[in-house]
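A.B. asks: The sequence shown begins at 1 in the UniProt record's numbering and counts up by one. Note that beta-carbon positions come from the ideal geometry of N, C-alpha and C, so glycine has one too. Just so you know, these numbers come straight off a predicted model, no measurement behind them.
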Amino acid sequence: MNQNQWICITGCTDGIGRISALELAKKGYPLVLVARNSQKLENLKKELLQIRNEPDAFVLFVCDLSILSNVRSTSQEILNRFPKLYCLLNNAGAFFQERTLSAEGKEMTYALNHLHYFLLTNSLLPALQAFGKARIVNVASRAHKGVELDFQNIEGERLYSGWKQYQRSKLMNIYFTYHLAERLKGTSVTANCLHPGFVKTKFGWNNEGLAKLLVTWGQNLLAISEEEGAKTSVYLASSAEVDGITGKYFVKCKPERSSKVSYDSAIAKELWEHSEKTLKAILA
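1. Short check: CB of V147 to CB of G93, under 8 Å?
2. Excluding the 5 residues preceding and the 5 following L24 in the sequence, name in chain order all residues of the same chain whose CB lies nearer than 7 Å to its CB.
3. Please check the pair T109 and Y175, which I expect to be a contact at CB under 8 Å, by giving their CB distance rounded to whole angstroms.
4. Look at the Cβ atom of T190, then the Cβ atom of R135, and state whether they are nearer than 8 Å.
5. Taking the straight line between their C-alpha atoms, what separation do you get for H179 and L115?
6. Using a 10 Å radius around the Cβ and a threshold of 16 neighbouring Cβ atoms, would you call G11 buried or exposed?
7. Is there contact between the segment 123-133 and the segment 182-198, where contact requires at least three CB pairs shorter than 8 Å?
8. Give the straight-line distance between the Cα atoms of V242 and E227, rounded to the nearest whole angstrom.
9. What are the boundary residues of the alpha helix (DSSP H) that T187 is part of?
10. Residue ranges of each alpha helix (DSSP H) run of no fewer than 4 residues wholly in the segment 62-94, ordered along the chain?
11. Just how far apart, CA to CA, sit G28 and R52?
12. With a cut-off of 8 Å, do at least 3 Cβ pairs link the segment 66-82 to the segment 41-51?
13. So, at 6 Å on beta carbons, what are the nonlocal neighbours of R81 in its own chain, with the 5 sequence-adjacent residues on each side left out?
14. Please name the residue in V137, I267 and S75 whose C-alpha comes closest to that of V251.
15. Quick check on K260: buried or exposed, where buried means 16 or more other Cβ atoms within 10 Å of its Cβ?
16. DSSP beta-bridge partners for T10?
17. What do you reckon, are the CB atoms on A127 and L60 nearer than 8 Å?
18. Are Y263 and N173 touching if we call contact CB-CB under 8 Å?
19. Would you call Q5 buried or exposed, if buried means 16 or more other Cβ atoms sit within 10 Å of its Cβ?
20. Can you check DSSP and say which residues form a bridge with V137?
21. Could you tell me the alpha carbon to alpha carbon distance between A281 and Q39, rounded to whole angstroms?
Written as structure tokens, this is what we have:
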């Protein structure tokens, strides 16, 4: 069952990404696992082998997803190995309290939380389309509500706020999903996004001082478990109930309205074109 339905998961070594991998393995799916820490990937594979002792069913790719040239080369490696993919689960992301640049000079939140989704998805589309009824699942967040995009400040060059930049990146995930779904009309590939909930993970622990303290305090007080937080990701990747459903935002395994501004198709198109130009400049 599901043995030829390969699912590619990014950011799978911690948090809801790790739980998603474990739960999908229990359902019999073979997994392509992408993360930056090779030791954590090996540890995850050991966990997965406790569920199913099939070493060939779990294939590891080490990639720093904030470095777009790495995303491009890893995408090609995946395509070479897997001409058909059933699902891509874009899960990797982070919050940066201080404005930080990637090795390629891009603001980290923008590079990791949006551009990697955009590049990896478009790079792997041939394998998804070759599969037929394939799925793209983007982990967004309810944090997208209350912000708008400013293309003159998309990397937080002016008055940087780590939280606002994170919010905008999650809005970008939703714009990207909706526009991608439109572009994929007429194919059998669907694209949906989700809010996992406020989950007790190591999210935000890459920061120091007050930012880390506030995240940890909030998680201890209000957060749901990683297992609960992964449910919607697993649902969208595997459930027959969402066959053919596309261009939706899910919360607790149910479609929900995202923010009013997120339905502005002109901004979604502009973000797509802006992302293409940005990647062309980086990868030239």
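C.D. replies: Per the coordinate set shown:
1. no
2. I7, L31, V234, A237 and S238
3. Incorrect: roughly 15 Å between the Cβ atoms, too far for contact.
4. yes
5. 15 Å
6. buried
7. yes
8. 20 Å
9. Unbroken run through T187: none, as it is neither H nor E.
10. 68-81
11. 8 Å
12. no
13. none
14. V137
15. exposed
16. V34
17. no
18. no
19. buried
20. L89 and N192
21. 32 Å
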